[in-house]
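Engineer: Going from the sequence shown to our numbering is simple: count from 1 and add 58.
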Amino acid sequence: MCRSIHTLYNVEPAVSTDEVRAAALQYVRKISGYRKPSKANELAFELAVDSIAQASARLLDQLQTAAPPEHREHVHA
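(1) Would DSSP call V86 helix, strand or coil?
(2) Check whether the Cβ atoms of Y92 and I63 sit closer than 8 Å, and answer yes or no.
(3) Quick check on DSSP: helix, strand or coil for H129?
(4) Name the one or two DSSP bridge partners that V69 has.
(5) My output table needs one value for I110: the three-state DSSP class, helix, strand or coil.
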């Protein structure tokens, strides 16, 4: 769906909160159809980005694996 969103779990170097938020922003842009929302929709748009970023961060924190982390250049190639 969102080709610019890459795997954020179990990669080295570890992802930052900015990268998680950027992925959330791309997701909200895709599903809303807005690259930049109007003033009337700006609050709803930002709240959605914040909620998705928080949920994504929780997911990444709770996932478990015994696999060694992938190096990012291999994950995104």
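C-beta: ideal position from N, C-alpha, C; glycine also.
Structural biologist: The relevant details are as follows:
(1) Taking the sequence shown and counting its residues from 1, one reaches residue 86 at position 28. It is helical.
(2) Here residue 92 refers to the residue found at position 34 when the sequence shown is read from its first residue. Here residue 63 refers to the residue found at position 5 when the sequence shown is read from its first residue. No, they are not a contact pair.
(3) For the purposes of this step, residue 129 is taken as residue 71 along the sequence shown, with counting starting at 1. Reduced to three states, the DSSP call for H129 is strand.
(4) To locate residue 69, count along the sequence shown from 1; it is residue 11. E128.
(5) Start at 1 with the first residue of the sequence shown, and residue 110 comes out as number 52. Of the three classes helix, strand and coil, the one that applies to I110 here is helix, per DSSP.
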